[in-house]
């Protein structure tokens, strides 16, 4: 059995080598389709992971934001920017007093555009209770008191700030002392400057206001109940209650058109690859009609003829899959740059997640496409009778 | 091989017709033939006389329109496609005018293939047959590297690998020059002397004259048996 299988395999490989260019073009078609599929799946996975990682880093189950577009607000809270409207401080009490709210951390976020670096500097006025939400934070130094600042690692490194140093920040009137630097969070916090909420309200002239409240529940199961309570409270009409799970779904929805476009391209590529494969194998069967006739005359079972031809299709599919995976991995950077430029919201960190399970899925898809594309030519080859095949190859009766 | 009373092939009232456009072609008409074990039979006739069709019928490659054929004691109309395929693989050996070697396999692999298909690979027999047909030195060559005579020797070795009861050869010297044909003729003669039953379709007079019996066909009918 093993000898038979290895002979069939060698025969199939050699048959493909007979028409090298044709086989190469067919394999390239499969490789392109697999590369697109692999990139789409890696993007899908990478985007989901990136987004959920980013939402998780907020450390909250709910986001309370001023009236307006709640998802714009969520996006601002995630990446940092200027807010168009504010929440009065008194709302914090209502939120805090709601049953099942374990922690409510108010934030006053302000951003200033720096022409020199052509980037925004984001300040977050916070209370010490933010530490209850940001469990993943580790601070070199301490949480800031009045006149002090805690900075993200990237911004500190860019400005050469060190713990204990007193610095003059362009957007704050009085110099501040760097009380601590966050260890790398691999998130937007690395770019932010955290100062006490009172200082932020004074410096940025928003007394008794903040931009959003990060809310942590005593248990995620109480989410709907808390959302209902907050929406029904006195300030319910003046604020938006945004569960972060909904933010996840909504942001995912925002990229659905890009995903749909990529899915269409993938389907078209897979379809084209299947047609290419089928056509190549059909041609190969036609060219080898006499050979198939001889094989049948020698006593080769129809099932073996089917297996021989089908194996050729599978070999091309699998080689195509391997080349496609390699290509997608090599050109990962290009694909990521292209996608980043076209998406309305992109989480920090890698956008593509190339995992072995996804690679296996892409290989399986290639095998299925190859298997299906090879069915018709394999059946045609297996259906030839020895006499018919020899007669047809000789061009007559 | 021990002679036996039962004929290797027995055909009665054999008819093979097939459509060609709007007309029906009668390739073989009303043929009765019996081939005994150890016999060497040549089928001769003009082009289109039905020689190859008869050979294909006798070799179980095709089924008759009417009439019966028994090969190695088995009535082929009663066999399924799978059983007929098995019968060809186990009991018959074929040699074609165009050699029919698989260009992607080596000489040894070509010879071994029917045995592999029969789930009985036997490397020593491959070498033995290549030795016998005088082609052992080309063992690892591809068919494209061989001369016509060498290819036909490989084809004969391949036909013998499963120790068939009957060797069927369709114009085995048709594509060869006279000197090469002579050597193939000698080889076929030797195989027959060793007891192998052989049926050859040929235009080659020398090949036909070596046969024990010559069946002459014309328009699908036997017109002479000598």
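Protein chains in written order, with the numbering used here: chain A, 1 to 397; chain B, 1001 to 1226.
Backbone N, C-alpha and C fix where the C-beta goes; we use that ideal spot for every residue, glycine too.
Model, not experiment: these values are computed from the prediction.
Same chain, Cβ closer than 7 Å to residue 45 of chain A, neighbours up to 5 away in sequence not counted: Excluding positions up to five away in sequence, the list reads 353, 355 and 358.
Residue 1104 of chain B: contacting residues in chain A (beta-carbon distance under 7 Å): The answer, in chain order, is 11, 14, 15 and 18.
Which of the three DSSP states is assigned to residue 84 of chain A in this structure? It is coil, neither helix nor strand.
Within chain A, the residues that residue 1100 of chain B reaches when beta carbons sit closer than 9 Å: Listed along the chain, the chain A residues whose CB falls inside 9 Å of the CB of residue 1100 of chain B are 290, 291, 293, 294, 295, 297, 298 and 390.
Name the chain A residues whose beta carbon is nearer than 8 Å to that of residue 1219 of chain B? Residues of chain A passing the Cβ test: none, with the nearest at roughly 15 Å.
Among the residues of its own chain, which have a CB less than 6 Å from the CB of residue 120 of chain A, if the five just before and after it don't count? Cβ within range, chain order: 111 and 113.
Would residue 312 of chain A be called buried (16 or more neighbouring beta carbons within 10 Å of its own) or exposed? Counting Cβ neighbours within 10 Å, residue 312 of chain A comes out buried, since at least 16 surround it.
Whole-angstrom Cβ separation of residue 1133 of chain B and residue 1156 of chain B, contact assumed at under 8 Å? Their Cβ separation, rounded to whole angstroms, is 6 Å, which keeps residue 1133 of chain B and residue 1156 of chain B in contact under 8 Å.
If you run the structure through DSSP and keep just helix, strand and coil, what is residue 69 of chain A? Residue 69 of chain A: coil per DSSP, three-state reduction.
Less than 7 Å between the beta carbons of residue 1114 of chain B and residue 298 of chain A, yes or no? Yes, the Cβ-Cβ distance between residue 1114 of chain B and residue 298 of chain A is below 7 Å.
Consult DSSP for residue 345 of chain A and reduce its assignment to one of helix, strand or coil. If DSSP states are grouped into helix, strand and coil, residue 345 of chain A belongs with coil.
Taking a cut of 7 Å between CB atoms, which residues from the segment 1127-1155 of chain B lie near chain A? Residues of the segment 1127-1155 of chain B with a C-beta less than 7 Å from any C-beta of chain A: none at all.
Boundaries (first-last residue) of the beta strand (DSSP E) holding residue 1026 of chain B: Under the DSSP assignment, residue 1026 of chain B falls in the beta strand (DSSP E) whose first and last residues are 1023-1035.
Starting from the C-beta of residue 1213 of chain B, find all residues in its chain whose C-beta is less than 8 Å away, skip the five residues before and the five after it, and write them out in chain order. Correct list, in chain order: 1039, 1040, 1041, 1042, 1225 and 1226.
Leaving out five residues before and five after residue 1023 of chain B in sequence, what residues of the same chain have Cβ atoms less than 8 Å from its Cβ? Taken in chain order, the list of residues that qualify is empty.
Less than 7 Å between C-beta atoms, sequence neighbours within five positions excluded: which residues of the same chain meet that for residue 397 of chain A? Residue confidence is low: residue 397 of chain A scores 35 on pLDDT, short of 50, so the model does not pin down where it sits. Its coordinate-derived value is still stated next. For residue 397 of chain A, the CB contacts under 7 Å within the same chain, skipping 5 residues up- and downstream, are 391 in chain order.
Distance CB(residue 1216 of chain B)-CB(residue 1045 of chain B) smaller than 7 Å: A Cβ-Cβ contact shorter than 7 Å links residue 1216 of chain B with residue 1045 of chain B.
Short check: CB of residue 1016 of chain B to CB of residue 1030 of chain B, under 7 Å? With contacts defined as CB atoms closer than 7 Å, residue 1016 of chain B and residue 1030 of chain B fail to qualify as a contacting pair.
Helix or strand or just coil, what does DSSP make of residue 239 of chain A? Correct three-state label for residue 239 of chain A: strand.
What would DSSP say about residue 1120 of chain B, mapped onto helix, strand or coil? Residue state, collapsed to three classes: coil.
For chain A, check one thing: does any of its Cβ atoms lie closer than 7 Å to the Cβ of residue 1213 of chain B? Contact with chain A is absent for residue 1213 of chain B, since none of that chain's Cβ atoms lies less than 7 Å from the residue's Cβ.
What residues from chain B crowd round residue 377 of chain A, counting only those whose CB sits closer than 8 Å? Close to residue 377 of chain A, with beta-carbon spacing below 8 Å, lies no residue of chain B; the smallest spacing is near 17 Å.
Exposed or buried, what is residue 80 of chain A when buried is set at 16 or more other beta-carbons lying within 10 Å of its beta-carbon? Only buried fits residue 80 of chain A, as 16 or more other CB atoms lie within 10 angstroms of its CB.
Kindly say whether residue 4 of chain A, judged by its beta-carbon, lies nearer than 7 Å to any beta-carbon of chain B. Yes, its Cβ sits closer than 7 Å to a Cβ of chain B.
Just list the alpha helix (DSSP H) runs in the segment 1086-1152 of chain B, keeping only unbroken ones of 4 residues or longer that don't cross its boundaries, in chain order. Fully enclosed alpha helix (DSSP H) runs of 4 or longer: 1107-1117 and 1123-1132.
Beta-carbon proximity of residue 1036 of chain B to residue 1064 of chain B, cut-off 7 Å: No; because the gap between Cβ atoms is not below 7 Å, this pair is not in contact.
Can you tell me whether residue 271 of chain A is helix, strand or coil according to DSSP? Secondary structure at residue 271 of chain A: helix, using DSSP grouped into helix, strand and coil.
Just checking: is the beta-carbon of residue 1015 of chain B within a distance shorter than 7 Å of some beta-carbon in chain A? By this cut-off, residue 1015 of chain B is not an interface position.
At least one CB of chain A closer than 7 Å to the CB of residue 1063 of chain B: is that the case? Not closer than 7 Å to any Cβ of chain A, the Cβ of residue 1063 of chain B fails to qualify, so no.
If we cut at 7 Å on Cβ distances, does residue 1091 of chain B have a partner in chain A? For residue 1091 of chain B, the answer is no, since every Cβ of chain A falls outside 7 Å of its Cβ.
Could one say the Cβ of residue 398 of chain A lies closer than 7 Å to chain B's Cβ atoms, at least one of them? Only positions 1 to 397 of chain A appear in the structure, and residue 398 of chain A is not among them; the question remains open.
Kindly list the residues whose CB is nearer than 6 Å to the CB of residue 346 of chain A, restricted to its own chain and excluding five residues on each side of it in sequence; keep chain order. Only residues of its own chain outside the window of five on either side were considered, and among them 340 have a CB closer than 6 Å to the CB of residue 346 of chain A, listed in chain order.
Which word fits residue 428 of chain A, buried or exposed, when buried means at least 16 other C-beta atoms lie within 10 angstroms of its C-beta? No answer is possible for residue 428 of chain A: the residues shown for chain A start at 1 and end at 397.
What residues in its chain sit with their C-beta under 6 Å from that of residue 100 of chain A, if we drop five residues either side in the sequence? If we look at residue 100 of chain A and ignore the five residues flanking it on each side, its Cβ neighbours are 217, 218, 222 and 226.
Flag this pair as touching only if the segment 1063-1082 of chain B and the segment 1138-1157 of chain B have three or more C-beta atom pairs under 8 Å; answer yes or no. The segment 1063-1082 of chain B makes no contact with the segment 1138-1157 of chain B; the number of CB pairs closer than 8 Å stays below 3.
Taking 7 Å as the CB-CB limit, is residue 1117 of chain B close to chain A? So, interface residue.
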